[in-house]
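S.K.:
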Amino acid sequence: MSRRERIAQERAAAARQTGNGAGDSGTAAASGTAGAPTSGAAPTGPRPVIKSASRHSEHSYGTPSVASAQAYGATAPQTEPMPRATRHADFDTVVFGDEPPRARTARKPKPEREPLGPVRGTIRAFGELCITAGLILILFVVWQLWWTDIAANEDNRNLANELTTQWQDNPRNELPEDPDTPYVSDPADLNSAFGIMYIPRFGEDYYRTIAEGVSLEPVLNRMGLGRYPNAAMPGEVGNFAMAGHRVTYGKPLNLIAEIRPGDEAIVQTADGYYTYTFVNFDIVLPDQTEVLAPVPDMPDYKGKDRIMTLTACNPMFSARERYIGYFELTDWRHASEGPPDSIKDSSAYKKAGATD
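Written out as structure tokens, the structure reads:
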């Protein structure tokens, strides 16, 4: 219903109430209001209080509309004043008049989480275990591939410095009877370092200590390269065979597959410098130990050559096979003669502490 229709309806209702209050014979006195209906005589007695004809006559402030009553000369309805709103000191709420203050409704507490069932609990626990295991695995990989190299290289540097200091403090002045025959020393104690390896192909600063034995601890994981038991010593007729890691723990033979024919590997001991030249390589299974024989792949022959064999895992990050590098002795120098030219001015030789 539109506003205009509502006003017309209110006026009609007010007119009917006025007519009923004054009687059928009387008429409302004219008050000069345009459009007001007339009656035969002015009504006597008090005018009635006009009530709202419908709920639509109330406005936003809750007071009845009086426009229709005034239009017909009727007395406007008497309304009570709206009570004044006040804020109660002890309550965070607004109250009107004498209305008792009402406290603000408290927020409903969050419903408690329902306990997990056995299936959901198991799945959640399994997921948390998987996340924990993943984090542990990541930390292990970081430790294995990064930290072990740092620790092993530090141990290798300290051990090389100790060796060169001992050699300088106790030089070997005796010369062999035949200068062309390399000097061969006795085997060192198990897990003891006795030499330093330089391979220029691996970089100008590459050097690794050589120890007796091939155990993981402390030799291969901390000391560098390890000599196989019963193998020949440097410069001796036979097979001077060694093993080393290709990855992790300093990875002394990480670039073994990069060696090319003619590349040199220099072994330094207290007696002198032994230069071995790369000849060939092979890839075998781990149980093919005949590559360590004095004559590789021919264990029944003693041989007469002075060779060196390096063994490392193959492929990278796997122990499925062994990469074998074969070298032969091509030069020997007594310690008093100094290092060969290939390492004399290298940073590796200086870092190892072999210079005076």
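Per the working numbering, the sequence shown starts with residue 1143, numbered consecutively.
Glycine included, C-beta positions come from ideal geometry on N, C-alpha and C.
Keep in mind the model is a prediction, meaning the values are calculated, not measured.
#1: Assuming Val1426 is part of the beta strand (DSSP E), what are its boundary residues?
#2: Report the residue from Gly1259, Leu1395, Val1284 whose alpha carbon sits nearest the alpha carbon of Met1384.
#3: I'd like the list of long-range same chain contacts for Asn1315, defined as Cβ closer than 8 angstroms, with 5 residues on each side in sequence excluded.
#4: Report the option in Phe1344, Ala1490, Glu1147 whose CA atom is closest to the CA atom of Glu1406.
#5: Hey, would you say Thr1411 sits closer than 8 angstroms to Phe1469, going by beta carbons?
#6: May I ask you to report which of helix, strand or coil DSSP gives Thr1390?
#7: Excluding the 5 residues preceding and the 5 following Ile1278 in the sequence, name in chain order all residues of the same chain whose CB lies nearer than 6 angstroms to its CB.
#8: Excluding sequence positions up to five away, which residues of its chain have a Cβ less than 7 angstroms from the Cβ of Glu1378?
#9: Identify every residue that forms a DSSP beta bridge with Met1450.
#10: Taking buried to mean at least 16 other C-beta atoms within 10 Å of its own C-beta, is Tyr1443 buried or exposed?
#11: So, is Gly1480 buried or exposed, given that buried needs 16 or more other C-beta atoms within 10 angstroms?
#12: From the DSSP output, in three-state form, read off Tyr1214 for me.
#13: Compute the distance between the beta-carbons of Pro1403 and Val1426, then report whether it is under 8 angstroms.
#14: Considering only residues of the same chain and omitting the five flanking positions on each side of Pro1142, which have a CB-CB separation below 7 angstroms?
#15: So, for Asp1297: in the same chain, excluding its five sequence neighbours on each side, which residues have a beta-carbon less than 6 angstroms away from its beta-carbon?
#16: Glu1254 by DSSP, collapsed to three states: which one?
#17: Between which two residues does the alpha helix (DSSP H) harbouring Ala1353 extend?
#18: Which of the three DSSP states is assigned to Met1375 in this structure?
#19: CA-CA distance, Tyr1465 and Leu1317?
#20: From the DSSP secondary-structure annotation, give me the bridge partner or partners of Ala1335.
#21: At which residues does the beta strand (DSSP E) containing Gly1368 begin and terminate?
#22: What are the boundary residues of the beta strand (DSSP E) that includes Glu1400?
#23: According to DSSP, is Glu1346 part of a helix, a strand, or is it coil?
#24: If we define contact as Cβ-Cβ less than 8 angstroms, is Lys1393 a contact residue for chain B?
#25: Decide if Met1446 is buried, meaning its Cβ has at least 16 other Cβ atoms within 10 Å, or exposed.
#26: How long is the line joining the alpha carbons of Asp1487 and Thr1417, rounded to whole angstroms?
#27: With Ser1308 as the anchor, note down where its alpha helix (DSSP H) starts and where it stops.
M.R.: Quick answer:
#1: 1414-1426
#2: Leu1395
#3: Ser1478
#4: Phe1344
#5: no
#6: coil
#7: none
#8: Val1326, Arg1448
#9: Phe1382, Phe1469
#10: exposed
#11: exposed
#12: Only weak support exists for where Tyr1214 lies, its pLDDT of 47 falling under 50; the value from the coordinates is given anyway. Three-state result, Tyr1214: coil.
#13: no
#14: The structure shown does not extend to residue 1142, since the chain is modelled only from 1143 to 1498, so the question has no answer here.
#15: Arg1364
#16: coil
#17: Careful: Ala1353 lies outside any alpha helix (DSSP H), inside the beta strand (DSSP E) at 1350-1354.
#18: coil
#19: 37 angstroms
#20: Ala1353
#21: 1367-1369
#22: First-last for Glu1400: undefined, no H or E at that position.
#23: coil
#24: Going by chain labels, chain B is absent from the structure shown, which holds only one protein chain.
#25: Note that residue 1446 corresponds to Lys in the displayed sequence, not to Met. Exposed, because fewer than 16 other Cβ atoms sit within 10 Å of the Cβ of Lys1446.
#26: 16 angstroms
#27: As written in the sequence, residue 1308 is Gln, which differs from the Ser given in the question. Run containing Gln1308: 1290-1311, per the alpha helix (DSSP H) assignment.
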